[in-house]
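Counting in the UniProt record's numbering, the sequence shown tops out at residue 197, every number present. A virtual CB, placed ideally from N, CA and C, is assigned to each residue, including glycine. First up is the structure itself, then whatever we jot down about it.
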Amino acid sequence: MSDSLDQVRRDDAPLTTSTHHSEAVEAETGNRIAARGDTLIGRTVTINRPRAELFAYWRDFANLATIMENVERIDVLDDKRSHWVVKAPGGKTVEWDSVVTDETDGKCIAWASEPGADVPNSGRIEFRDAGERGTVVTATILYDPPAGVIGKLIAKMFQREPAIQARRDLRRFKQLMETGEIATAARTRAELEEEKN
Numbered sequence: 001m002s003d004s005l006d007q008v009r010r011d012d013a014p015l016t017t018s019t020h021h022s023e024a025v026e027a028e029t030g031n032r033i034a035a036r037g038d039t040l041i042g043r044t045v046t047i048n049r050p051r052a053e054l055f056a057y058w059r060d061f062a063n064l065a066t067i068m069e070n071v072e073r074i075d076v077l078d079d080k081r082s083h084w085v086v087k088a089p090g091g092k093t094v095e096w097d098s099v100v101t102d103e104t105d106g107k108c109i110a111w112a113s114e115p116g117a118d119v120p121n122s123g124r125i126e127f128r129d130a131g132e133r134g135t136v137v138t139a140t141i142l143y144d145p146p147a148g149v150i151g152k153l154i155a156k157m158f159q160r161e162p163a164i165q166a167r168r169d170l171r172r173f174k175q176l177m178e179t180g181e182i183a184t185a186a187r188t189r190a191e192l193e194e195e196k197n
């Protein structure tokens, strides 16, 4: 085993901050995440709900459009496959078919985009008990930004970069599961008019 890989396995830092990034990706993901990209992000949130409830909501992929801001729609094709349509910078959309590559009921779901995806991606979402605090939900995503580094910079400018969105989407998931609704700062014209009266 190489010294750097040995260091990765002893490193307490989150995978996405490892000083040995490429070795960390290989060591952490191994066969658990299909290699569909070279940009790795990871986000974690603790949600005060039972693990089984959170897993069931997430496993019904059609639900995810309600918590993922940039997802226009998800068409469930069968038990393992779904078609995703996602907003991209500049008013465009990107699409791909995704397949579940690994699943442990109540604990984790791994997926990978099928060949020909506009944004090749793969990842894993894990649900771990956190005692009285509920459930720790961890999303790890590997992707290739459209147009490479330039596309990533443009996406970041428009707040559509997956690292930004993953954090927001997990926060929205937490809000929905804990309160039954997703808080928003946006106000409609009717609400503003109502406040004036």
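Checklist entry - Since Glu72 is in the beta strand (DSSP E), which residue starts that stretch and which ends it? => result Val71 to Val76
Checklist entry - Roughly how many angstroms separate the alpha carbons of Val86 and Glu72, rounded to a whole number? => result 5 Å
Checklist entry - Is there contact between the region 134–145 and the region 166–182, where contact requires at least three CB pairs shorter than 8 Å? => result yes
Checklist entry - To the nearest angstrom, how far is it from the Cα of Phe55 to the Cα of Gly91? => result C-alpha separation (whole angstroms): 32 Å.
Item to check | Proximity winner among Glu53, Ser98, Ile164 and Thr44, relative to Pro120 (alpha-carbon distances) | outcome: Ser98
Checklist entry - So what does DSSP say about Asp97, is it helix, strand or coil? => result strand
Checklist entry - Among the residues of its own chain, which have a CB less than 8 Å from the CB of Leu64, if the five just before and after it don't count? => result Trp58, Val71 and Ile74
Item to check | Separation of Val100 from Cys108, as counted between CA atoms | outcome: 11 Å
Item to check | Cβ neighbours of Arg49 in the same chain (closer than 7 Å, five flanking residues each side left out) | outcome: Gly134, Thr135, Met177 and Glu178
Checklist entry - Between which two residues does the beta strand (DSSP E) harbouring Arg81 extend? => result Arg81 to Lys87
Checklist entry - Does the Cβ of Asp105 have 16 or more other Cβ atoms within 10 Å, making it buried, or fewer, making it exposed? => result exposed
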